[in-house]
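Here the structure is laid out as structure tokens; the discussion comes afterwards.
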Amino acid sequence: MTIRCSYVDTPYGQVHLRTAGQRTEAPPIVLLHQTASHSVMFEGLMALLEHRYWCVAPDTPGYGATPHLQESGSIKRYAQVIRAALKGLGIDQCWLFGHHTGASIAVQMVTDEPSLALRLALSGPPVLSRQQIEGLIPRAAPRRLEEDGSHCLEVWNRIRAKAPTADVRLLHREAVSNLQVGPRYLEAYRAVFEHNFAAQLAALEVTTLVMAGPDDTLRGCLEKAYAELKRGYLINLPAGGTYICDTHPELVAGPLLYFFSGEQQERRAS
């Protein structure tokens, strides 16, 4: 597999992205990442999808190699920026997949432009209660920079707590991704907390798949997300957590390949 990294110019600034596979006339798969990771989290998944699809994975503004927005970020603005990047690539329709924050952005994109996604897949959809939000904010918040570098260890410990059995190289990558965002680290988290995600889910007409592994920090949101859908499918993945796209890419690729094939009969969620 060859991963190609490039930038696309948009009215909001440049957007960095990764692509894999051969571009054809067929719609691509667009992959939207979680916070505070970036498109690198999809490289293993792209290796399993590229034989059938052109894969496009942009970095959300402020994360990875996409610069911060001048203004404070919101899910609405992130969706506009990524949509502008897709337009810059000549993408009018796609198969759309989002994980955690990426799920929020994906739903906003389809809300803004219902014809964009042929089908929509969401991993760890963040249908969060006020109690969950209040519990997540302290865990997400970084401390101030410390002369002895102890803030780095704090980030490391927080990442390891999410995935205690993960490969140390994955933990290192995610810790670095967290640290490089800097003082605007919480921006995308706040954007998710302020996003009217459940209401937008309920209004979707596109057929939507929701899924999560048993150790996902947002596993408890899965049934709530499914209950909102007019046309929905739910999959309880047999393993995996927050970093499932890295640790178990085959468990994500299988459902995506089947779901995006369109072989399932349409039905309404119950």
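When you read off a place in the sequence shown, starting at 1, and then add 897, the result is the number in the numbering used here.
Backbone N, C-alpha and C define an ideal beta-carbon position, used for all residues, glycine too.
Small disclaimer: the values here were computed from a predicted structure and weren't measured.
Taking just the CA atoms, how far does residue j sit from residue i?
{"i": "GLU1102", "j": "ARG1128", "result": "7 Å"}
{"i": "GLY1032", "j": "ILE1056", "result": "16 Å"}
{"i": "ALA1088", "j": "ALA1136", "result": "28 Å"}
{"i": "VAL978", "j": "VAL1065", "result": "33 Å"}
{"i": "ALA933", "j": "THR921", "result": "31 Å"}
{"i": "ALA1096", "j": "CYS1049", "result": "37 Å"}
{"i": "LEU983", "j": "LYS1059", "result": "32 Å"}
{"i": "PRO908", "j": "VAL1004", "result": "22 Å"}
{"i": "ARG980", "j": "LEU1106", "result": "21 Å"}
Using a Cβ-Cβ cutoff of less than 6 Å, which residues in the same chain neighbour residue i once the five nearest sequence positions on both sides are dropped?
{"i": "ALA944", "result": "MET898"}
Check the C-beta distance from residue i over to residue j and give it rounded, since I have them as a contact under 8 Å.
{"i": "THR998", "j": "GLN1077", "result": "Actually they are not in contact, since the Cβ atoms of THR998 and GLN1077 sit about 16 Å apart, beyond 8 Å."}
{"i": "VAL1024", "j": "CYS1118", "result": "4 Å"}
{"i": "PHE1177", "j": "LEU1153", "result": "Absent from the model: residue 1177. The displayed extent of the chain is 898 to 1167, so no value can be given."}
Just verifying my parser: in three-state terms, what is the DSSP assignment at residue i?
{"i": "LEU1019", "result": "strand"}
{"i": "PRO1080", "result": "helix"}
{"i": "MET943", "result": "helix"}
{"i": "SER903", "result": "strand"}
{"i": "LEU1115", "result": "coil"}
{"i": "ALA998", "result": "The amino acid occupying residue 998 in the given sequence is Thr; Ala does not appear at that position. Looking at THR998 - three-state DSSP - the assignment turns out to be helix."}
Identify which residue in the options has its Cα closest to the Cα of residue i.
{"i": "SER1158", "options": "LEU942, GLU1043 and CYS991", "result": "CYS991"}
{"i": "ALA1014", "options": "TYR1082, ALA923 and THR1139", "result": "ALA923"}
{"i": "TYR1130", "options": "PHE1156, THR1114 and GLY910", "result": "PHE1156"}
{"i": "ALA1000", "options": "GLU1043, ALA1122, ALA1060 and SER1020", "result": "SER1020"}
{"i": "TYR1082", "options": "ARG901, LEU966 and VAL905", "result": "LEU966"}
What does a CB cutoff of less than 7 Å around residue i pick up in its chain, not counting 5 residues either side in sequence?
{"i": "ASP1143", "result": "MET938, GLY941 and LEU1067"}
{"i": "GLU947", "result": "MET898, ALA917 and GLY918"}
{"i": "CYS952", "result": "THR916, ALA917, GLY918, PRO925, ILE926, LEU928, MET943 and LEU946"}
So, for residue i: in the same chain, excluding its five sequence neighbours on each side, which residues have a beta-carbon less than 8 Å away from its beta-carbon?
{"i": "SER936", "result": "HIS913, LEU914, ARG915, LEU928, HIS930, ALA954, PRO955, ASP956 and GLY961"}
{"i": "GLN1028", "result": "none"}
Say whether chain D places a C-beta atom closer than 8 Å to the C-beta of residue i.
{"i": "PRO1011", "result": "Checking the listed chains, one finds no chain D in this structure; it contains a single protein chain."}
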